[in-house]
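Asker:
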Amino acid sequence: MSQKPKSRGRPSSQGEREPGGGGEEAPSTSRGPGGAASQRRAQASPAPGPRSQKQLELKVAELVQFLLIKDQRKIPIRRTDILRHVVGDYKDVLPELLRRAAERLEYVFGYRLVELEPRSNTYILVNTLEPVEEDAEVRGDQGTPTTGLLMIVLGLIFMKGNTIKETEVWDFLRRLGVHPDKKHLIFGEPKKLITEDFVRQRYLDYRRIPHTDPVDYELQWGPRTNLETSKMKVLKFVAKVHNQDPKDWPAQYCEALADEEARARPQPAGPSPATASAPTPAPVS
């Protein structure tokens, strides 16, 4: 069934995942079955303590990105995959995570999270909007399965100061179920897609970092990215995923504003000096 949103809070942008505290059990002095049961309970994993809003919101942002990626092929999303790749030891708050993710997907991206059948534990995203072109670009919804992944990588690069180590990219994508050394149902070979295909298409620049041991590489925006999107659109995508305002990242927002102003300036018209003296070709009759 549809996950109905209940409230929209403004979470913080950053959050560190902290280990939950465990409750203590008083030692049992009884013997027999009751004492054995108490001993088994004492040996079980401790119950996680309460999570902060920052921790929950970071996990919700990961879940939203995971659902957007998994939906690219329009194949039902299994709860077991959500638990394995995103939720981890947050299983005790899974209903809350799904509720918040469903709320954000609907109000921010125009997708409704729907359970296919009662107790089926499989979900799909239903598009509730017919987005205008600009909104579709911000959502990363441009008709190709790889666009959502590309938007996430572009966002990582921009938020890290326009350059990011490849190892940092994979550290993040692994949390979304995308591994460099595992074939992916949607993206095929993710490492080839990011470090070869996107590079060949000029969406990304990929270069070795000198004097690194073990060898590491870095990623930057390629020239095609600067032509087809903008820093402001990518920042809006990141902000929507985290349910925040782009201004909550002042440095990136100022940089994106400067980029918008540069794009708005009139470009020099007319032939370049190298071609100004060239003879004008005769018109084709």
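Using my numbering, the letters of the sequence shown correspond one by one to residues -3 to 281.
Think of the CB as a built atom: it goes at the ideal place given N, C-alpha and C, for glycine as much as any other residue.
Just so you know, these numbers come straight off a predicted model, no measurement behind them.
Label G248 either buried or exposed according to how many other C-beta atoms from any shown protein chain fall within 10 Å of its C-beta, with 16 as the threshold for buried.
Answerer: Residue identity check: residue 248 is Gln in the sequence provided, not Gly. Burial call: buried.
Asker: Tell me, please, whether the region 237 to 252 touches the region 184 to 193 by the rule of three or more beta-carbon pairs shorter than 8 Å.
Answerer: The answer is no - the region 184 to 193 does not touch the region 237 to 252, with fewer than three Cβ pairs under 8 Å.
Asker: Compute the Euclidean distance between the alpha carbons of T163 and L169, then round it to the nearest angstrom.
Answerer: If I take the Cα positions, the gap works out to 10 Å.
Asker: Would you be able to state if there are at least three C-beta pairs under 8 Å between the region 50 to 59 and the region 107 to 126?
Answerer: As far as the Cβ criterion goes, the region 107 to 126 does not touch the region 50 to 59, which means the pair count is below three.
Asker: What three-state label does DSSP hand H81 in the structure shown?
Answerer: H81: helix per DSSP, three-state reduction.
Asker: Mind checking D67: buried by the 16 CB within 10 Å criterion, or exposed?
Answerer: Flag for D67 reads buried.
Asker: Quick check on the burial criterion: 16 or more other C-beta atoms within 10 angstroms. Buried or exposed for R47?
Answerer: It is buried - the Cβ of R47 has at least 16 other Cβ atoms within 10 Å.
Asker: So for L112, helix, strand or coil by DSSP?
Answerer: Note: L112 maps to coil in three-state DSSP.
Asker: Since K161 contacts D201 with CB under 8 Å, what's their CB separation in whole angstroms?
Answerer: So it is not a contact: roughly 13 Å between Cβ atoms.
Asker: Report yes if the C-beta of N239 is less than 7 Å from at least one heavy atom of the ligand MG; otherwise report no.
Answerer: You won't find the ligand MG in this model; it holds no ligand whatsoever.
Asker: Provide the residue span of the alpha helix (DSSP H) that contains R259, from first to last.
Answerer: R259 -> alpha helix (DSSP H) spans 246 to 260.
Asker: Kindly indicate which residue of R259, Y107, W245, N222 has the alpha-carbon position closest to the one of I65.
Answerer: Here the closest residue by C-alpha is Y107.
Asker: Mind checking which residues open and close the beta strand (DSSP E) that includes T159?
Answerer: No beta strand (DSSP E) holds T159; DSSP gives it neither H nor E.
Asker: What are the boundary residues of the beta strand (DSSP E) that includes T221?
Answerer: No beta strand (DSSP E) contains T221, which is instead part of the alpha helix (DSSP H) from 219 to 224.
Asker: Scan the region 151 to 199 and note each continuous alpha helix (DSSP H) run of 4 residues or more that stays entirely inside, going in chain order.
Answerer: Correct list: 162 to 170.
Asker: Have a look at A270 and P262 and give me their C-alpha separation to the nearest angstrom.
Answerer: For A270, the predicted structure reports a pLDDT of 42, less than 50, and the residue's modelled location is therefore unreliable. A value from the coordinates is still provided. Roughly 21 Å between the two C-alpha positions.
Asker: Nearest to L215 by CA position, among L146, E185, T225, L231, is which residue?
Answerer: Measuring from the Cα of L215, the nearest candidate turns out to be L146.
Asker: By alpha-carbon positions, which one of S226, K70, I205, D209 ends up nearest to V122?
Answerer: The option with the nearest alpha carbon to V122 is K70.
Asker: Beta strand (DSSP E) containing L101: first to last residue?
Answerer: Per DSSP, L101 belongs to no beta strand (DSSP E) and is neither H nor E.
Asker: Look at the Cβ atom of E256, then the Cβ atom of S226, and state whether they are nearer than 8 Å.
Answerer: Going by C-beta atoms, E256 is nearer than 8 Å to S226.
Asker: Does the beta-carbon of H81 have 16 or more other beta-carbons within 10 angstroms, so that it is buried, or is it exposed?
Answerer: Counting Cβ neighbours within 10 Å, H81 comes out buried, since at least 16 surround it.
Asker: Using only the alpha-carbon positions, how far apart do R135 and Y86 sit?
Answerer: At R135 the pLDDT is 49, less than 50, meaning the model places this residue with poor confidence; the figure from the coordinates comes in the next sentence. Rounded to whole angstroms, R135 to Y86 spans 27 Å at the Cα level.
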